[in-house]
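Some notes on the structure that comes next.
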Amino acid sequence: MEYLTPQELVDRYRNTISLGTLANWRSSGRGPEFVRLGGRVVYRVEDVLAWEKSRRSNLGEQPQGKRKAAG
Numbered sequence: 119m120e121y122l123t124p125q126e127l128v129d130r131y132r133n134t135i136s137l138g139t140l141a142n143w144r145s146s147g148r149g150p151e152f153v154r155l156g157g158r159v160v161y162r163v164e165d166v167l168a169w170e171k172s173r174r175s176n177l178g179e180q181p182q183g184k185r186k187a188a189g
């Protein structure tokens, strides 16, 4: 099983999020699932991929509630 550290996850997203954002997501139950191994936080790659997939919209469609009004 492969794991990413919080810093590796920040690097994966090209620093568009910070370590602080990841910490906030963990404390609020948002973001990818994480595990603690020996007291350290890590992210299973398969959980990160599943979370990313759940965040994608369908072929350019905007998520529900965010559609622009016709006109």
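Here the sequence shown is numbered in my numbering, starting from 119 and rising by one per residue. We put the CB at the ideal spot given by N, CA and C, even for glycine. Keep in mind it's a predicted model, so treat the numbers as computed, not measured.
Exercise. Helix, strand or coil for R130 per DSSP?
Worked result: helix
Problem set entry | Simplified DSSP state of G174, which is helix, strand or coil | Inspection of the sequence shows that residue 174 is occupied by Arg rather than by Gly. It is coil, neither helix nor strand.
Exercise. With 16 as the cutoff for other CB atoms within 10 Å, does V160 come out buried or exposed?
Worked result: buried
For this session: Flag this pair as yes or no: are the beta carbons of L122 and V163 separated by less than 8 Å?
Result: yes
Exercise. DSSP three-state call for R154: helix, strand or coil?
Worked result: strand
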